[in-house]
Amino acid sequence: MWKTTAPVSSSSSSSSSGSSIVLPLLGNVHPKGYYYAQVYIGKPPKPYFLDPDTGSDLTWLQCDAPCTSCLEAHHPLYKPNKDLVSAEDPLCDSLQSSEQKNELLEQCDYEVEYADGASSLGVLLKDVFSLNLTNGNRAERPLALGCGYDQKVAHHYHPVDGVLGLGKGPTSILSQLKKMGVVRNVVGHCLSGKGGGYLFFGDKVYDASPSHVVWTPMLHDDQKHYSLGSAELIFDGTRTNVKNLHVTFDSGSSYSYLHSEPYQTLISLVDKGLSGKPLRRVDHDKTLSLCWKQGNNKPFKSLQDVKQYFKPFSLSFANAWWHLWNPYSYFEISPESYLIISSEGNVCLGVLNGTEQGLGDTNIIGDISMQDKMVYINYNWVTNGLASSNNKIWIFSNEDTLLLQNNNEDEQLVNCDFLEADTKDQVRITTVYVYGKHSCKERRGLWHSLQTLQTNNKWVVGGEFNIIAEWSEHKGKTMPNQTDMKEFKDCIASCNLNHPHTQGSIFTWSGGRRNGMVFRRLDRALVNETILQYFDDICVKHLSKSTSDHKPVLLTCFKEELGGPKPFRFIDSWALHPSFLKVVNEYWKALTPMEEAEEQAISAQEAYEQDPNPNNREADNKARAHLIQATNIELLFWKQKANLKWISEGDCNSKFYHAFVKGRRAKAKIRFIYDQAGKEHRDMENISTRAIDHFTNVFSNTQSIQVDPMMDYLEEVITAEDNERICKLPFKEEIKAAVWSLDPGSAPGPDGFNGTFFRTYWNIIKTDVISATQEFFTGVPIPKAYGSTFITLIPKNEKPRVFGDYRPISLSTFMSKINTRILVDRIQAILPKIISAEQTSFQKGMGVEEQILLVEEMVHKIDSKMTSSYSAMENVEISIN
1 MWKTTAPVSS SSSSSSSGSS IVLPLLGNVH PKGYYYAQVY IGKPPKPYFL
51 DPDTGSDLTW LQCDAPCTSC LEAHHPLYKP NKDLVSAEDP LCDSLQSSEQ
101 KNELLEQCDY EVEYADGASS LGVLLKDVFS LNLTNGNRAE RPLALGCGYD
151 QKVAHHYHPV DGVLGLGKGP TSILSQLKKM GVVRNVVGHC LSGKGGGYLF
201 FGDKVYDASP SHVVWTPMLH DDQKHYSLGS AELIFDGTRT NVKNLHVTFD
251 SGSSYSYLHS EPYQTLISLV DKGLSGKPLR RVDHDKTLSL CWKQGNNKPF
301 KSLQDVKQYF KPFSLSFANA WWHLWNPYSY FEISPESYLI ISSEGNVCLG
351 VLNGTEQGLG DTNIIGDISM QDKMVYINYN WVTNGLASSN NKIWIFSNED
401 TLLLQNNNED EQLVNCDFLE ADTKDQVRIT TVYVYGKHSC KERRGLWHSL
451 QTLQTNNKWV VGGEFNIIAE WSEHKGKTMP NQTDMKEFKD CIASCNLNHP
501 HTQGSIFTWS GGRRNGMVFR RLDRALVNET ILQYFDDICV KHLSKSTSDH
551 KPVLLTCFKE ELGGPKPFRF IDSWALHPSF LKVVNEYWKA LTPMEEAEEQ
601 AISAQEAYEQ DPNPNNREAD NKARAHLIQA TNIELLFWKQ KANLKWISEG
651 DCNSKFYHAF VKGRRAKAKI RFIYDQAGKE HRDMENISTR AIDHFTNVFS
701 NTQSIQVDPM MDYLEEVITA EDNERICKLP FKEEIKAAVW SLDPGSAPGP
751 DGFNGTFFRT YWNIIKTDVI SATQEFFTGV PIPKAYGSTF ITLIPKNEKP
801 RVFGDYRPIS LSTFMSKINT RILVDRIQAI LPKIISAEQT SFQKGMGVEE
851 QILLVEEMVH KIDSKMTSSY SAMENVEISI N
């Protein structure tokens with residue numbers, strides 16, 4: 001069985017809905033001349049026979065509206081409801097031009113015409129389609145369909161209730177179901193040569209892996225039909241030199257069509273093949289335009305009696321650039337797929353002259369040539385593609401996400417401008433795809449091109465650069481060219497490009513050289529600051545190699561933060577407070593954007609330069625002071641967000657802080673984790689659950705140790721006076737000193753208030769802070785929120801894989817830190833009493849090296865066999881960082 005699909009897709013990828021729709025087909029090519037499916041529509045659902053047509057979009061039923069001209073059909077006319085689609089609905093745009101817009105905006109009138117001369121006139125409405133899913137569920141969805149009240153019959157009339165439109169446009173049933181998330185953008189069918197078959201929507205019916213499917217590219221210039229790339233006519237395995245055939249799949253056509261040149265070539269080759277065979281043409285059989293009968297006038301009973309006289313022909317897509325990847329894209333048409341036996345017992349050719357039918361240069365593969373073949377059309381994964389002129393760079397895009405606006409190419413790159421399809425603001429993203437030359441001299445042209453293309457738009461540059469940027473990106477004895485490395489780094493810097501957070505091994509290429517194996521990062525993806533600000537998260541992952549010696553580089557961009565609760569919530573009751581509006585107003589004034597202050601300063605300076613009078617001079621000075629204040633406010637804000645304590649005044653650059661905050665967030669995210677079995681987990685909820693389980697297990701006390709017997713051997717060194725000094729009630733001076741001794745810029749806890757807040761508003765809050773602190777020392781139980789803590793995980797190494805590679809750090813509330821600070825200060829005075837001489841690590845000014853011999857002996861004894869069953873060193877984990 002020959003199988004085709006267009007465009008290329010991954011093997012049976014999972015759909016968003018996880019299911020498909022299968023509709024049994026009835027009918028045949030001859031004598032009925034059509035296939036049809038039974039579809040239930042309306043409330044309550046009623047059955048209708050519809051002719052599946054991949055060559056048109058609109059689904060319509062003969063409709064009692066009332067009907068002006070309706071044809072004989074299997075079921076009573078469809079009774080329309082009142083749910084009309086308005087002329088302003090986007091669904092109507094695909095059926096009407098702006099000039100055809102009906103003055104009655106409450107309805108969308110349509111008229112569709114078909115290549116065989118048939119037509120339908122009616123109005124667009126919505127009704128419920130009842131469809132059984134392969135997962136056992138039943139989908140009932142309101143879909144747009146045409147209420148056809150005026151039909152024109154074709155030469156080959158199909159006595160059905162209407163047409164099931166399966167094209168690529170928005171009114172197609174498939175497009176509507178895909179938009180609702182019922183199935184993915186996949187349609188297919190299998191038409192049996194013996195009659196019947198099935199039609200399906202979605203990708204959960206058939207295994208479309210490359211080992212089972214002959215893949216054929218889709219032609220994307222045709223926005224309506226499922227059209228394939230340029231093809232060549234092959235007859236009986238021999239090239240005919242008839243090339244550049246535009247081919248379309250159309251299940252609405254019973255027969256296949258070739259335009260005049262390939263049609264005449266096919267007839268000539270068929271006649272040549274029949275030379276000397278006991279067949280001759282007949283003119284009286286009007287079933288099709290060309291028929292033959294046996295020389296003895298004995299009628300044929302089936303194609304089995306005659307197929308040995310005819311040769312197969314095929315359409316080859318090998319001349320397209322796609323042939324470089326798939327050299328066997330042939331659509332073979334056997335004699336059984338282009339011949340029929342007429343009612344008179346003659347054999348007739350089921351391939352017609354399309355030019356005579358008004359099809360121009362279009363070549364149609366109809367039902368007859370798709371019999372006993374699985375036709376699987378997938379335009380969900382990629383719906384657009386292009387290649388560079390040297391075939392070094394191929395680009396595919398999903399039009400549901402990105403719309404290609406324009407592209408141009410250089411010798412070592414292709415530059416594309418895309419618009420985001422799912423945004424109303426027409427967000428533009430510029431992408432550059434690179435294939436760098438192998439020599440330093442030739443790559444200089446690439447660096448120049450990138451610097452020329454530099455843009456402040458959202459910009460992504462990626463591909464194979466064939467050079468490293470840092471020494472850490474190289475391993476091996478064959479050393480890279482330092483001059484080339486510097487030129488590459490200079491290009492990255494001058495283009496203001498950044499490396500996003502990267503997962504996986506740093507090396508993307510490896511190869512054998514005279515001095516041994518060499519590993520390098522030759523492939524990468526770079527982004528500019530604009531796109532870093534636009535997306536909440538951008539990361540790069542180096543995937544595993546397959547047939548290439550280079551690793552694929554996957555750039556992932558997220559517009560939403562990875563899940564999790566957000567601290568510090570706004571409480572609605574705040575808005576009821578009479579001073580709240582004033583507080584907010586003053587707050588926003590305090591955070592006036594620096595751009596506004598800068599504009600005022602420029603305007604004041606220009607006014608003073610034109611007229612240097614005292615008033616203008618004073619206004620200039622005030623505007624300049626306001627600009628300095630606004631700059632300092634923004635600098636302080638972003639400095640706190642970036643959590644930098646080492647920045648110098650010469651480095652004060654708010655863009656730097658913006659980028660640094662983004663970089664910290666990207667690096668801090670845990671995007672995957674491996675469990676004890678080595679299985680990778682990427683679902684955020686799953687990662688969160690496993691983190692809780694891991695650290696709960698690590699820090700839970702599962703084994704209690706009896707210490708009472710040991711207490712008799714310990715010397716009492718803490719006196720009653722010491723204990724009283726530790727636990728006594730602190731006065732306000734001690735509490736204030738504790739507040740001021742804590743770092744005001746340290747990360748806050750769950751309440752969001754840091755030390756700066758406490759210092760700045762001490763006169764307002766000191767009474768409550770002092771009271772709460774003293775209550776703690778009197779034994780009053782503290783509120784639960786008082787001791788709440790954020791747990792943040794700090795990586796112990798550059799590439800953490802398991803939770804053991806993270807160190808948990810607690811971020812407590814500032815209030816709880818005050819109590820701890822007071823206790824620490826008080827305990828310091830008695831530390832010399834409770835620290836033994838052997839505990840040098842706890843003694844001021846001393847470290848573990850003071851007792852190195854003792855430490856060495858202890859480590860040596862860890863693995864020693866013990867006679868007792870108890871070991872004080874059991875489950876010791878040593879982590880040196």
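Its first residue numbered 1, the sequence shown is counted upward by one per residue in UniProt numbering.
For glycine and all other residues, C-beta sits at the position ideal for the given N, C-alpha and C.
Please read all numbers here as calculations on a predicted model, not as lab measurements.
Residue of the options minimising C-alpha distance to residue i
i, options, result
"residue 294", "718, 397 and 276", "276"
"residue 551", "531, 523 and 533", "523"
"residue 271", "296, 349 and 333", "349"
"residue 834", "812, 807, 760 and 719", "719"
"residue 407", "433, 401, 367 and 249", "433"
"residue 25", "32, 37 and 839", "37"
"residue 115", "125, 141, 153 and 128", "153"
"residue 263", "313, 302 and 779", "313"
"residue 145", "519, 625, 40 and 741", "40"
"residue 439", "398, 158, 484 and 402", "484"
"residue 353", "284, 823 and 256", "256"
"residue 539", "525, 336, 548 and 289", "525"
"residue 45", "606, 291 and 130", "130"
"residue 51", "69, 84 and 32", "32"
"residue 95", "65, 61, 71 and 57", "57"
"residue 679", "126, 802 and 825", "802"
"residue 197", "500, 141, 416 and 371", "371"
Residue i and residue j closer than 8 Å at C-beta
i, j, result
"residue 460", "residue 492", "no"
"residue 195", "residue 28", "yes"
"residue 418", "residue 426", "no"
"residue 108", "residue 89", "yes"
"residue 545", "residue 554", "no"
"residue 186", "residue 456", "no"
"residue 55", "residue 253", "yes"
"residue 258", "residue 235", "no"
"residue 752", "residue 746", "no"
"residue 737", "residue 818", "no"
"residue 789", "residue 749", "yes"
"residue 83", "residue 127", "yes"
Cutoff 8 Å; reference residue i; Cβ partners in own chain excluding five residues on either side
i, result
"residue 435", "388, 392, 393, 412, 413, 463 and 464"
Close-in-space but distant-in-sequence residues of the same chain around residue i (CB under 6 Å, 5 per side omitted)
i, result
"residue 19", "133, 134, 135 and 204"
"residue 644", "Its pLDDT being 48, under 50, residue 644 is placed unreliably by the model, and the measurement read from it follows with that caveat. Taken in chain order, the list of residues that qualify is empty."
Assigned exposure category for residue i - 16 Cβ within 10 Å defines buried
i, result
"residue 731", "exposed"
"residue 226", "buried"
"residue 521", "buried"
"residue 513", "exposed"
"residue 443", "buried"
"residue 244", "exposed"
"residue 137", "exposed"
"residue 713", "exposed"
"residue 728", "exposed"
"residue 839", "exposed"
"residue 167", "buried"
"residue 613", "exposed"
"residue 906", "The question about residue 906 has no answer here: the residues shown for the chain are numbered 1 through 881."
"residue 397", "buried"
Residues of its chain near residue i, where Cβ-Cβ distance is below 7 Å and the 5 sequence neighbours each way are ignored
i, result
"residue 309", "274, 277 and 279"
"residue 63", "77, 78, 80, 122, 147, 148 and 149"
"residue 260", "353 and 355"
Hey, which unbroken runs of the beta strand (DSSP E) at 3 residues or more fall wholly within the region 120-182? Counting only runs of at least 3 residues, the region 120-182 fully encloses the following beta strand (DSSP E) elements, listed from N- to C-terminal order: 138-152 and 162-165.
Hey, which unbroken runs of the alpha helix (DSSP H) at 4 residues or more fall wholly within the region 40-78? Fully enclosed alpha helix (DSSP H) runs of 4 or longer: not present.
Just to confirm the assignment: which complete alpha helix (DSSP H) runs, minimum length 4, are found wholly within the region 478-522? 482-494
For a minimum of 4 consecutive residues, which ranges assigned as the alpha helix (DSSP H) are wholly contained in the region 222-264? Runs found: none.
Which parts of the region 722-753 are runs of the alpha helix (DSSP H), unbroken and 4 residues or longer, counting only runs that do not cross its ends? 732-741
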